[in-house]
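Numbering follows my numbering, with no gaps: position 100 of the sequence shown is 125.
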Amino acid sequence: MSDFSDSDSDYPAQVFPVPKSDTDNPPDPQRALTSPEGYIQFVRHEAESYPDVFYAPPPANENECNAVSVPEKVSHSHTYSTEQENRWLNFFTESVEEYQFCKSVLLEDCAKKERLTSQQLTNSALFDGVPSLSWITMRSRVELDSILELLASQCTRKRWKRSMVCFTW
Numbered sequence: 026m027s028d029f030s031d032s033d034s035d036y037p038a039q040v041f042p043v044p045k046s047d048t049d050n051p052p053d054p055q056r057a058l059t060s061p062e063g064y065i066q067f068v069r070h071e072a073e074s075y076p077d078v079f080y081a082p083p084p085a086n087e088n089e090c091n092a093v094s095v096p097e098k099v100s101h102s103h104t105y106s107t108e109q110e111n112r113w114l115n116f117f118t119e120s121v122e123e124y125q126f127c128k129s130v131l132l133e134d135c136a137k138k139e140r141l142t143s144q145q146l147t148n149s150a151l152f153d154g155v156p157s158l159s160w161i162t163m164r165s166r167v168e169l170d171s172i173l174e175l176l177a178s179q180c181t182r183k184r185w186k187r188s189m190v191c192f193t194w
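Structure below.
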C-alpha cells in the first residue's frame, strides 16, 4: 500500500471538482436542486460535517489482526449429525403425538356432551340439585348463558313473591 502525501482536507476537493464551500454559510438545499454545482457543494458540505463517515478508519496493526491461515486444499463438506437429526425427529414425533392426543380428548368431550333441550332449559326443576363440576364443563357457552338467565329470573320471581306476601294487609 502506498502512503498518501496529501492531507485529509484535500481529499474532498479531489472527489468533487467544485470550489470549496464556506463552512460558516451552509448552502441552501432548495438552491442545491437547481444546478449540479449547487448540489455538489451541498453534498460536500454534508460530507464535511460528518468526517467520521467520510474518511476510512486507520489500518490495524499486524498484532491486532485476527486473520486465520487455512491450508489451500481444504474441502468444506456439510456433515449432519445423526444425533441431532434423531433429536429433531423425536421432538417432532412427540409434538405430533401430543397434538393427536389433545385432539382426541377434545373430540371425545364434544361427543359426550349431551345438549339440553329447550324444555329442560325453561324448567325450574333444573335447579333442584347441585350441579357437579363435570356437568357444568359439559355445557356449551350458550347453554350456560341460558341457565344463568333462567336462574336469575327464578330468583327474581321468588324475591318478588316473598316481598308481596310481606306487604299484604
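In this text, a Cβ means the ideal position worked out from N, Cα and C, and glycines have one as well.
Since the structure is predicted, the reported quantities are computational estimates derived from the model, not experimental observations.
Can you tell me whether DSSP reads residue i as helix, strand or coil?
{"i": "residue 60", "result": "coil"}
{"i": "residue 165", "result": "coil"}
{"i": "residue 50", "result": "coil"}
{"i": "residue 178", "result": "helix"}
{"i": "residue 155", "result": "coil"}
{"i": "residue 129", "result": "helix"}
{"i": "residue 106", "result": "coil"}
{"i": "residue 75", "result": "coil"}
Near residue i, which residues of its chain fall below 8 Å by C-beta distance, leaving aside the five closest residues on each side in sequence?
{"i": "residue 177", "result": "none"}
{"i": "residue 158", "result": "none"}
Can you list, in chain order, the residues of its chain whose CB lies under 7 Å from that of residue i, leaving out five sequence neighbours each side?
{"i": "residue 27", "result": "Because the pLDDT of residue 27 is 48, which lies under 50, any placement of that residue in the model is unreliable, and the number read from its coordinates should be weighed accordingly. The answer is none, since no qualifying residue turns up."}
{"i": "residue 58", "result": "64"}
Going by CA-CA distance only, name the one from the options that's closest to residue i.
{"i": "residue 153", "options": "179, 55 and 59", "result": "179"}
{"i": "residue 171", "options": "117, 126 and 144", "result": "144"}
{"i": "residue 52", "options": "67, 129 and 106", "result": "67"}
{"i": "residue 70", "options": "61, 50, 109 and 59", "result": "50"}
Looking only at its chain, what residues have a beta carbon closer than 6 Å to the beta carbon of residue i, apart from the 5 residues adjacent to it on each side?
{"i": "residue 56", "result": "63"}
{"i": "residue 126", "result": "none"}
Are the beta-carbon atoms of residue i and residue j separated by less than 9 Å?
{"i": "residue 169", "j": "residue 161", "result": "yes"}
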